[in-house]
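Structure below.
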């Protein structure tokens, strides 16, 4: 007989909520279990209404569209019915954060209200529900899922060398390659308006450059097949990106003391956005050790713990030094970061560097993962990987062949977390500083980078055939494909603008302070 599965933290939290246990939001999984045991068995409570979800409904819709049925999708809705759809989708997408009364959720809704581009970035589920089941005949790739000009940037590779590429894998999912191009085309159009203050004709030109950059790079890779050997570094980057490398360059010791460390350099400095939780240092030492072991991370010399204190013999080399473990110096909660992920748990873990004086420490970020916005909406395929942090770390490994050595996934407190290094040179471009010509150049560069990561879906990913020639064939006449993407972007961007206006009105009326409930 199979043993009963251990309840998750979320399941325990829901039981604690039913029994009105005080302080439940801040409790760990073990604390919730103990609090539930202390309570006397509760009287059978009347059946409570459930928070509404339309996940299964949209999954059936996507399957019907992908199967060739003529089915209307929510993008045809107007007026009151479109407003209700926007409201319901955003409530559903943030149901845990709204139910918990998360302060960051309120901050996020304010942020979405204040900026059209932030609204676009933070409402991927709304965007993809309009596309449910679309382009089922197109080749499938490991899509980034949230392509826009802010999700490309500088980050460390496996050798701690700065590279430029895609930098946010939270929504990554196996999907038709056109889904990323469409999301990116709309993202560049809206960003050019909101951040660049450019007119419609210039926005359209920028979208064309993005799509053409993708096509040209995919055609080259179909001929040469060199995507596994390529990365954009300072020495081979276009002039615009070399400038970004220079702007991102910062001394580690200065970065640490300016942004993170206290005067002793032994721990994090408390700020509005960084809340030290030093009492959990030992707990996060164990979590970090598990991260290394479960993800088979080869810890570089710059992060190794080289003393014997508290170490087990099997972790020591011939000289009696541990070459694998990393020493956790401090832990902090990071608040107010991200757009789509704002309100999800995020921890910074301070790792001691070889100098042991706080000048060369590392910071590893543990970021709570959630279901991709594309889940249940893409056409069904044989390549699906519908997990949480494991899906995200898989995407990073595919898209960045020699990427951040600390990218991985681990579970604790009943939740799934991805990990990555925070580096002094991790940065993205200042969109509001770009000229009209630089906007076009940047869009073309990003289109080419997107093609490169798509092309890795076969060698590094799960796609089991040569993907580049298939994509080139599916694109067909480049001019026709480009104008199709432009037309899609214009229509979708107009819809985002209308949705944003309705969202702002609803937000001002308190629409996102509570959920939709299904009453029986």
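Residue numbers (full-length UniProt numbering): 1 to 520.
Built from N, CA and C at the ideal position, the CB exists for glycine as well.
- In this structure, the beta-carbon distance from residue 171 to residue 451 does not fall below 8 Å.
- Using a C-beta cut-off of 8 Å, the region 395-408 makes contact with the region 451-466, since at least three inter-stretch Cβ pairs fall below that distance.
- Remark: C-beta atoms of residue 385 and residue 128 do not approach each other more closely than 8 Å.
- Comparing C-alpha distances from residue 436 to each of 240, 325, 37 shows the shortest one belongs to 240.
- Per DSSP, the unbroken alpha helix (DSSP H) holding residue 468 starts and ends at 467-475.
- Residue state for residue 238 is assigned as coil, using DSSP reduced to three classes.
- With contacts defined by Cβ atoms closer than 8 Å, residue 415 and residue 9 form a contacting pair.
- Three or more Cβ pairs closer than 8 Å define a contact, and the region 408-427 meets that threshold against the region 151-159.
- Just so you know, the alpha carbons of residue 116 and residue 298 end up roughly 42 Å apart.
- Straight across, the Cα-Cα distance linking residue 206 with residue 295 is about 40 Å.
- For the 8 Å CB-CB criterion, residue 388 and residue 195 do not form a contact.
- Fewer than three Cβ pairs drawn from the region 498-510 and the region 166-181 lie within less than 8 Å of each other, which leaves the two stretches out of contact.
- Going by DSSP, residue 133 is part of no beta strand (DSSP E) at all; its letter is neither H nor E.
- Burial state of residue 79 is exposed, judged by a 10 Å Cβ sphere holding fewer than 16 other Cβ atoms.
- Residue 445 is not a Cβ neighbour of residue 145, given a cutoff of 8 Å.
- Annotation: the continuous alpha helix (DSSP H) that includes residue 117 extends over 116-121.
- CA-to-CA, the gap between residue 390 and residue 382 works out to about 18 Å.
- Between residue 226 and the set 466, 495, 474, the nearest pair of CA atoms involves 466.
- At a Cβ-Cβ threshold of 8 Å, residue 104 and residue 448 do not count as neighbours.
- Between the alpha carbons of residue 344 and residue 409 lies a gap of roughly 16 Å.
- Per DSSP, the unbroken beta strand (DSSP E) holding residue 166 starts and ends at 162-166.
- Looking at the DSSP output, residue 367 bridges to 346, 418.
- Counted as a single uninterrupted DSSP element, the beta strand (DSSP E) harbouring residue 152 occupies residues 152-156.
- The Cβ atoms of residue 100 and residue 125 lie no closer than 8 Å to each other.
- Non-local beta-carbon contacts of residue 357 in its own chain, meaning distances under 8 Å to residues more than five positions away in sequence, involve 265 in chain order.
- In this structure, the CA atom of residue 76 is about 14 Å from the CA atom of residue 134.
- Its chain contains 268, 269, 274, 348, 350, 363 as the residues whose beta carbon lies nearer than 8 Å to that of residue 260, once the 5 sequence neighbours on both sides are disregarded; these appear in chain order.
- Check the Cα spacing between residue 289 and each of 97, 143, 411, 61: the tightest is with 411.
- The beta carbons of residue 277 and residue 332 sit closer together than 8 Å.
- Residue burial is scored here from C-beta neighbours: residue 285 has at least 16 other C-beta atoms within 10 angstroms and is therefore classed as buried.
- If you keep only unbroken alpha helix (DSSP H) runs of at least 4 residues inside the region 64-97, you get 79-93.
- Taking a cut-off of 8 Å on C-beta distances, the region 461-478 touches the region 217-235, as three or more cross pairs fall below it.
- Taken atom to atom, the span from the alpha-carbon of residue 515 to that of residue 495 is near 24 Å.
- With a cutoff of 8 Å on beta-carbon distance, residue 152 and residue 428 are scored as near each other.
- Taking 8 Å as the cut-off, the Cβ atoms of residue 185 and residue 489 count as close.
- Between residue 443 and residue 209, the C-beta spacing is below 8 Å.
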